[in-house]
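Whatever position you read off the sequence shown (first residue = 1), add 29 for my numbering. Below: one structure, written as structure tokens.
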Amino acid sequence: MSSNKDAGIAMLLTLFALAVISTLALVIMEKSHNALEQNRMIVKRAQSLAITEGAIQAVYPLLLDENRDHILQVNGGRIRHNIGGTNISVGVYDACGKWDLNSGHITILNALLVKLLPAGSKTFVRELLKVRETNAGFQHVNQILALPSSKGLDLSQFIKEITVFCRRSQVDPSNSSSLMREVLRPLPRFLSRPGPGHIFEIRATNNLGPGSRISVETFLNVTNDPLEPIKTLSWQSNY
């Protein structure tokens, strides 16, 4: 009788051990699968970044081409490339399609803020002008978020319409957003001028599948230096 009882207990312990082992095996398999998927995503993102950067670098010869402006106009400011079998579109815009924080004409700023910040913009403008009158001025558009009067204001759209790389008072409507063109339309014509063609904003996005979407934005300066004909002023990505 005792022998049968011991055998039953042994069988139960064996079944319990098998259940534990099976559970552990499933957990290990699931973790291995998750790790594999994570590694695949890391590889995909790296590939997507390489393709995006390659497409941007493929635009460099165009920036130095004497027919650049005509080519960009014909293509609507977008140049298409095939990088490693992946088609990708690259946006090429004169930096002066946006209002310059340090040099832009105040009339344009006021008209833009009427659209975006109809209330509470006077203090914001005063603080902005105070910063740009300093020797350093603005080095990055996000610095406006540090202004005391920016608290409580939605400046997300405003940031999209400004730059620190134009370095002139006018705005180029041919490289502007629809909002900026609407702002410029009723203003004096001298405020709307073609960009000088020295500094360009380049944007590209690529997606190789879930979790691999990569966006890159860079500002490039076309110089007169044969040793460094194109100089990178800013390079940002979500990688």
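We put the beta carbon where it would ideally sit given N, CA and C, even for glycine.
Valine 245 sits away from alanine 140, with the two beta carbons spaced by 8 Å or more. For tyrosine 268, no pairing in a beta bridge is given by DSSP. When rounded, the separation of the alpha-carbon atoms in isoleucine 100 and valine 88 is 12 Å.
Nearest Cα to glycine 113 within the set Ser205, Glu82 and Thr252: Glu82. In this structure isoleucine 191 does not touch tryptophan 264 by the C-beta definition: roughly 19 Å separates them, more than the 8 Å allowed. Where glutamate 211 is concerned, there is no enclosing beta strand (DSSP E), although the alpha helix (DSSP H) around it starts and stops at 207 to 213.
When rounded, the separation of the alpha-carbon atoms in leucine 256 and isoleucine 80 is 26 Å. Taking a cut-off of 8 Å on C-beta distances, the region 117 to 131 touches the region 199 to 209, as three or more cross pairs fall below it. Residue nearest to serine 221 within the set Asp94, Gln199 and Lys260 is Gln199 (criterion: CA-CA distance). With respect to the C-alpha of isoleucine 85, the residue from Phe229, Gly240, Leu237 and Arg242 having the closest C-alpha is Phe229. Under the criterion of beta carbons closer than 8 Å, isoleucine 259 and valine 121 do not qualify as touching, at roughly 12 Å. For the alpha helix (DSSP H) assignment, the uninterrupted runs of no fewer than 4 residues enclosed by the region 135 to 176 are, from N- to C-terminal side, 135 to 145 and 150 to 161.
Going by DSSP, leucine 256 is part of no beta strand (DSSP E) at all; its letter is neither H nor E.
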